[in-house]
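Working notes, beginning with the structure itself.
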Amino acid sequence: MEKATHDFLRESVEGALTRRLQGIDDDFEFARAQGMSNTSLREELVKDIDYLRTLVPQYTHRLNRRVSPLLRLPPEIFPNILCAAAPEREELISWLHLGHICHDLRSALLGMHALWADVVFDSDFRHVQEELLGRAGQSPICISIIYEDADSELFSAALRLLHRARSIDIQSEFPEHMDRIVQELEHGSYQSLEELRVWLDAPPTSSAESSLIWMSQPMIMAPKLRSLDLRNIILHVDLSSLRSLSLTLYSDEPIQDADTFITMLRLCIRLEHLEIDRWIPDCTALQNQPLVQPLLSLPHLMHLKMEQDPARILQFWPLLSIPTSASVDISFNEDFHDLHGSLERARKMRAFIAHTLIGWRDQDNQTRS
873 MEKATHDFLR ESVEGALTRR LQGIDDDFEF ARAQGMSNTS LREELVKDID
923 YLRTLVPQYT HRLNRRVSPL LRLPPEIFPN ILCAAAPERE ELISWLHLGH
973 ICHDLRSALL GMHALWADVV FDSDFRHVQE ELLGRAGQSP ICISIIYEDA
1023 DSELFSAALR LLHRARSIDI QSEFPEHMDR IVQELEHGSY QSLEELRVWL
1073 DAPPTSSAES SLIWMSQPMI MAPKLRSLDL RNIILHVDLS SLRSLSLTLY
1123 SDEPIQDADT FITMLRLCIR LEHLEIDRWI PDCTALQNQP LVQPLLSLPH
1173 LMHLKMEQDP ARILQFWPLL SIPTSASVDI SFNEDFHDLH GSLERARKMR
1223 AFIAHTLIGW RDQDNQTRS
């Protein structure tokens, strides 16, 4: 049966090809005898060749769909399978190679615009960034700029595409570079932005200046923003939809005064995860005010992590109201080798007794419990 089918296919194709070739010979002979141009005949021949080239891929595609268990599945579920095969770690984008396996998988990948949108600014593919951007379609993209690796062309592309971002990750040790990004952010509306990380690896401005800037600068409108991660810099961002906030300061001088700090956190009405690393300012003035109720309530908080000297953490803690179900991770920046202070440190930890205390770490980053 298989041999008969194979013989029939060969006979049919060879017969049709022989008749076509004979017709071509006759047409060329006729044109030569009449002294006519054979340009149109050559064009027809090129079209025939192009058509014949399409037959082999069609045949291969059909064969793959019959012999491959994966390709026998409905094509509508290919995106779900490919998403599961794509690793969560951004540096492992092995799914790119799946498009070289066969036509059907490539077609499915080309239709998954969100995957391409995530790698538009991948450092390994800068030379094909425009191609990746085209494959991303209208999907919100991920923008990542690390100034040690960035060039002016990449930086300009990032500024131009900020309005399309789902995720923005900016890291720099140069304040002047960061100023350009911040100024651009302040003059736009970011309807798709969900994650924003801005790290300035340089000494921040003083608390008085930063507080003034925060109150006076235009608010960055990002109604879908879920995660904000700031290091040594303060941004005036719409915080109403925020779920996760990380604040890191590499300086003994606070970047905000206590009033501005509390005011900012009050705007995080949906906050679930809060990490504060050496950011807490001196809250003595607020602590000395008569408090009928805590100054700051975060009713949805699930996890709180604080790393700073005990004095600042213990000043801030009475001002804060969080659910008793929230876990608390405390890191005291002090010398835990001082055995004489063990009792005093134990007393300090009593302030957090109502919560699930994950532990605290000393200045050598050794976990204590």
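Going by the numbering used here, the residue at position 254 of the sequence shown is 1126; the numbering climbs one at a time, nothing skipped. Cβ atoms here follow ideal geometry from the backbone N, Cα and C, with glycine treated the same way. Computed from a predicted model, the values in this text were never measured in an experiment.
Just the Cα atoms here: how many angstroms apart are residue i and residue j?
i, j, result
"Arg934", "Leu1005", "31 angstroms"
"Leu1072", "Thr932", "54 angstroms"
"Arg1038", "Glu1048", "24 angstroms"
"Ser1197", "Arg1138", "20 angstroms"
"Leu1065", "Val1109", "12 angstroms"
"Pro1171", "His1145", "11 angstroms"
"Ser1016", "Arg978", "26 angstroms"
"Asp899", "Thr911", "12 angstroms"
"Ile1092", "Ile1053", "12 angstroms"
"Ile1018", "Arg938", "47 angstroms"
"Glu1025", "Phe997", "14 angstroms"
"Leu1168", "His999", "49 angstroms"
"Ala1183", "Phe1027", "42 angstroms"
"Ala1074", "Asp990", "28 angstroms"
"Ile1040", "Trp1151", "22 angstroms"
"Pro946", "Glu883", "34 angstroms"
"Glu1045", "Thr1120", "15 angstroms"
"Glu1067", "Leu1117", "10 angstroms"
"Met908", "Val918", "19 angstroms"
"Ala1089", "Asp976", "Per the sequence presented here, residue 1089 reads as Gln, with Ala not at that position. Taking the straight line joining both Cα atoms gives about 51 angstroms."
"Asn936", "Arg892", "30 angstroms"
"Val1200", "Glu1003", "46 angstroms"
"Asp1051", "Tyr923", "57 angstroms"
"Val885", "Glu901", "24 angstroms"
"Glu1147", "Asp994", "27 angstroms"
"Tyr1122", "Pro1095", "29 angstroms"
"Ile921", "Gly895", "15 angstroms"
"Pro929", "Gln1055", "52 angstroms"
"Glu916", "Gln906", "19 angstroms"
"Leu1057", "Leu1176", "28 angstroms"
"Cys1014", "Val992", "7 angstroms"
"Gln1159", "Met1136", "17 angstroms"
"Gln1001", "Gln1161", "56 angstroms"
"Leu927", "Asp897", "23 angstroms"
Say the cut is 7 angstroms; is the CB of residue i nearer than that to a heavy atom of the ligand GTP?
i, result
"Asn1104", "Absence of the ligand GTP from the depicted structure is noted, as is the absence of any ligand whatsoever, leaving it without description."
State the DSSP-derived secondary structure class of residue i, mapped to helix, strand or coil.
i, result
"Phe1046", "coil"
"Asp994", "coil"
"Leu1242", "Because the chain spans 873 through 1241 in this model, residue 1242 falls outside it and cannot be assessed."
"Leu1068", "strand"
"Leu1119", "strand"
"Gln894", "helix"
"His1145", "strand"
"Asp1154", "coil"
"Glu886", "helix"
"Ala989", "helix"
"Glu1179", "strand"
"Glu963", "Because Glu963 sits at a pLDDT of 49, beneath the cut-off of 50, its placement in the model cannot be relied upon, and the point is left open."
"Ile1040", "strand"
"Ile1194", "coil"
"Ile1017", "strand"
"Ala1080", "In this predicted model, Ala1080 has a pLDDT of only 49, less than 50, meaning its place in the structure is not dependable; the value taken from the coordinates is given anyway. The answer is helix: DSSP assigns Ala1080 an H, G or I state."
"Leu1111", "coil"
"Leu1173", "coil"
"Met1093", "strand"
"Leu1139", "coil"
"Asp1051", "helix"
Could you give the C-beta distance for residue i and residue j, rounded to a whole number, given that I count them as a contact under 8 angstroms?
i, j, result
"Met1178", "Ile1202", "6 angstroms"
"Leu1291", "Cys1155", "Not covered by the structure: residue 1291. The range shown for the chain is 873 to 1241."
"His985", "Arg1007", "7 angstroms"
"Asn1205", "Gln1180", "6 angstroms"
"Arg1069", "Ile1105", "Actually they are not in contact, since the Cβ atoms of Arg1069 and Ile1105 sit about 11 angstroms apart, beyond 8 angstroms."
"Ala903", "Leu913", "6 angstroms"
Might you give, ordered along the chain, the residues of its own chain that have their beta carbon closer than 7 angstroms to the beta carbon of residue i, omitting 5 neighbours on each side?
i, result
"Pro1153", "Ser1079, Pro1126, Gln1128, Asp1129, Ala1130 and Phe1133"
"Leu1114", "Leu1097, Arg1098, Leu1100, Cys1140, Arg1142 and Leu1143"
"Gly1009", "His985"
"Ala1157", "Ala1130"
"Ser1011", "His985, Ala986 and Ala989"
"Leu1107", "Val1054, Val1070 and Ile1092"
Between which residues of its own chain and residue i is the CB-CB distance below 6 angstroms, once the five residues before and five after are set aside?
i, result
"Arg961", "Only weak support is given to the placement of Arg961: the predicted model assigns it a pLDDT of 47, under 50, and the question is left unresolved by the model."
"Leu1111", "Leu1139 and Cys1140"
"Asp1124", "none"
"Trp1174", "For clarity, residue 1174 is Met in the given sequence; the question names Trp instead. Closer than 6 angstroms at Cβ, skipping near neighbours: Glu1144 and Ala1198."
"Asp879", "none"
"Asp1149", "Thr1120 and Glu1179"
Might you give, ordered along the chain, the residues of its own chain that have their beta carbon closer than 8 angstroms to the beta carbon of residue i, omitting 5 neighbours on each side?
i, result
"Ile1185", "Ile1152, Met1178, Ile1202 and Phe1204"
> Below 8 angstroms, can you find three or more Cβ-Cβ pairs linking the region 1059 to 1070 to the region 1022 to 1032?
Replying inline: no
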